[in-house]
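Trainee: Handing you a structure now.
Residue numbers (my numbering), protein chains in the order written: chain S, 1 to 265; chain G, 1001 to 1265.
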């Protein structure tokens, strides 16, 4: 059995509320295998070996509360993100004698259990909603909002669930990725306002739109062997099979993440 | 349309993880009505007008994080429970200018929006997992674990999602209830250990078993017009249609809460 099987299993029913990489030693086809599942899921419980956080936002962390009760794993993220967790005693249910918290340096690769490597990189974005004071900076490049690059056998995957903009540095990072999972929160910036479901634009929430001259469709044009939208809000019409917007992103070479999608690097 | 329709809608798919009463001004049959839905749900989103907490345990509070983003409602519970929330900054996502927090006195009835009254009462239990220090007292009678009595038009409902024991005072309280929703976490105290899913007994978690000489089946015998088990762990065989244990509780006059169950008082 090869030790180099690396699989992403996505659970998109909750994609709009999920922006955390869960890495687990998994079972595949009923038998143990030596690789990983990297699972974007809030609420799923499995044999997690590591959870990598891209931020401290509720939709990135609340799923951890379902993993409580003495299941050992590595809980890793930036110092900012671990501080946000530390300020919430509820996460002490993840007992520190079984769940190891580890602050990761941005830009420094680290070895995950099993041999895959990962590296955090900053992405323009904002602090979590519950840490906003007044009007926050929505496109700051800090440890509060990062992406994750996973490398396995020379192949690279970039996981960017929240991006306010694509800077030149981010574009350069994504240029070397084979697979890109990217912020697909809203199709148009004022989508929630138009739908009457919220008062905020996507940009106010730290998310660039898909559409438009400064949208991700344009910004990531031509990159990667696969580009997949994740973190999709329930107002986003790309979720609707056969919609014009779904056609637009698919014509541009994008996939829309769906339940059970698995990616082998 | 009568203004006295009071309905409980239970969502049991998540019953084992839900122990909070959500009260909402609801829509019924497509039209507005003047009553309430009282909904035991974590994760559901609706026109909540009040959320009554029986404790600060994760399964009682985490669902609140799905209600964030400027939806106004009353968030009420004991001072102990509100303090537990207050120590978790994440709940500040429920902005204090739209979500009113109100500490309730135990044993003092209060008026809910619309005219229903409610009253908190202590139930033997323990502090939330994340507030445990060393070996906690598991059957303390404090504001950390309470039940809720709802009164409407002379009819009474008692909501007790967590009980370590039935004291004489609790029995007296339940004797006047028309409907009792009661802690059905485990059928037998060592069920999770036997199933290999955990190292704790039910009593260690602050939950009395259903079965046995000191179980709830015996302790609540003969009470109420309706007795319904809620907060049922996924190891509990009463969840299985046709199981001997399901037969036992049904023969004793109990119902097992199920998705979509509605109760009119």
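The beta-carbon is built from N, C-alpha and C at its ideal position, and this holds for glycine as well.
Name the DSSP beta bridge partners of residue 248 of chain S, please?
Mentor: Beta-bridge pairing links residue 248 of chain S to no other residue.
Trainee: Just to make sure I have the definition right: I need the residues of chain S whose C-beta is within less than 9 Å of the C-beta of residue 1189 of chain G. Which are they?
Mentor: Residues of chain S passing the Cβ test: none, with the nearest at roughly 17 Å.
Trainee: Got a sec: which bits of the region 77 to 111 of chain S sit with their beta carbon under 7 Å from any beta carbon on chain G, in order along the chain?
Mentor: Look at the region 77 to 111 of chain S: the residues with a C-beta under 7 Å from a C-beta of chain G are 87, 88, 89, 90, 92, 93.
Trainee: Just the C-alpha distance for residue 73 of chain S and residue 175 of chain S, rounded to the nearest angstrom, thanks.
Mentor: Spanning the two alpha carbons is a distance of roughly 31 Å.
Trainee: In whole angstroms, what is the alpha-carbon distance linking residue 1238 of chain G and residue 1227 of chain G?
Mentor: 14 Å
Trainee: Buried or exposed for residue 1194 of chain G, going by 16 or more other Cβ atoms inside 10 Å?
Mentor: exposed
Trainee: By the criterion of Cβ-Cβ separation under 7 Å, what are the contact partners of residue 1062 of chain G in chain S?
Mentor: 62, 65
Trainee: Do residue 164 of chain S and residue 222 of chain S come within 9 Å of each other at the CB atom, strictly closer than that value?
Mentor: no
Trainee: Got a sec: is the Cβ-Cβ distance from residue 1199 of chain G to anything in chain S below 9 Å?
Mentor: yes
Trainee: Where residue 61 of chain S and residue 80 of chain S are concerned, what is the direct C-alpha to C-alpha distance, given to the nearest angstrom?
Mentor: Looking at the two C-alpha atoms, the distance is approximately 13 Å.
Trainee: For the region 1234 to 1249 of chain G against the region 1178 to 1198 of chain G, are there 3 or more C-beta pairs whose distance is under 8 Å?
Mentor: yes
Trainee: Cβ of residue 1226 of chain G within 8 Å of any heavy atom in the ligand ADP?
Mentor: Looking at this structure, you won't find the ligand ADP or any other ligand, since it has none at all.
Trainee: Does the beta carbon of residue 1070 of chain G come closer than 9 Å to any beta carbon on chain S?
Mentor: Interface residue, yes.
Trainee: So residue 203 of chain S packs on residue 138 of chain S, CB below 8 Å; how close in whole Å?
Mentor: 6 Å
Trainee: Using the C-alpha atoms, what's the distance from residue 123 of chain S back to residue 1158 of chain G?
Mentor: 50 Å
Trainee: With a cut-off of 9 Å, does the C-beta of residue 161 of chain S fall near any C-beta of chain G?
Mentor: no
Trainee: In chain G, which residues lie less than 8 Å from residue 58 of chain S when you measure between Cβ atoms?
Mentor: 1065, 1068, 1090, 1093
Trainee: In whole angstroms, give me the CA-to-CA distance for residue 243 of chain S and residue 1241 of chain G.
Mentor: Those two C-alpha atoms are separated by around 42 Å.
Trainee: Please classify residue 1240 of chain G: does DSSP put it in a helix, a strand, or coil?
Mentor: Three-state result, residue 1240 of chain G: coil.
Trainee: Go through its chain and collect everything with a Cβ distance to residue 141 of chain S's Cβ below 7 Å, but skip five positions before and after it.
Mentor: A distance below 7 Å between beta-carbons, with the five flanking residues on each side excluded, links residue 141 of chain S to the following residues of its chain, in chain order: 122, 124.
Trainee: For residue 263 of chain S, which of helix, strand or coil comes out of DSSP?
Mentor: strand
Trainee: Specify, as a first and last residue, the run of the beta strand (DSSP E) that residue 1151 of chain G falls within.
Mentor: 1146 to 1152
Trainee: Can you give me the C-alpha to C-alpha distance between residue 230 of chain S and residue 1116 of chain G, rounded to a whole angstrom?
Mentor: 43 Å
Trainee: Applying the 10 Å Cβ sphere with the 16-neighbour rule, what's the burial state of residue 98 of chain S?
Mentor: exposed
Trainee: Would residue 112 of chain S pass as a contact of residue 150 of chain S if the rule is Cβ separation under 9 Å?
Mentor: A contact, by the Cβ cut-off of 9 Å.
Trainee: Can you list, in chain order, the residues of the region 222 to 234 of chain S whose Cβ is nearer than 9 Å to any Cβ on chain G?
Mentor: Flagged: no residues at all.
Trainee: Using a C-beta cutoff of 9 Å, does residue 1131 of chain G count as contacting chain S?
Mentor: yes
Trainee: With 9 Å as the threshold, decide whether the Cβ of residue 1124 of chain G is near any Cβ in chain S.
Mentor: At a cut-off of 9 Å between C-beta atoms, residue 1124 of chain G does not count as an interface residue with respect to chain S.
Trainee: Which residues in the same chain have their Cβ closer than 6 Å to the Cβ of residue 181 of chain S, if we skip the five residues on either side of it in sequence?
Mentor: Within the same chain, residue 181 of chain S has close Cβ partners 159, 228, 230.
Trainee: Tell me whether residue 119 of chain S is buried or exposed, calling it buried when 16 or more other Cβ atoms sit within 10 Å of its Cβ.
Mentor: buried
Trainee: Straight-line CA distance for residue 1082 of chain G to residue 1133 of chain G?
Mentor: 19 Å
Trainee: Label residue 1054 of chain G either buried or exposed according to how many other C-beta atoms from any shown protein chain fall within 10 Å of its C-beta, with 16 as the threshold for buried.
Mentor: buried
Trainee: With a cut-off of 9 Å, does the C-beta of residue 136 of chain S fall near any C-beta of chain G?
Mentor: no
Trainee: Taking the CB atoms as reference points, tell me whether residue 1078 of chain G and residue 1050 of chain G lie closer together than 9 Å.
Mentor: no
Trainee: In the DSSP assignment, find the unbroken alpha helix (DSSP H) run with residue 1055 of chain G in it and report its ends.
Mentor: First-last for residue 1055 of chain G: undefined, no H or E at that position.
Trainee: Classify residue 126 of chain S as buried or exposed, calling it buried when 16 or more other Cβ atoms lie within 10 Å of its own Cβ.
Mentor: buried
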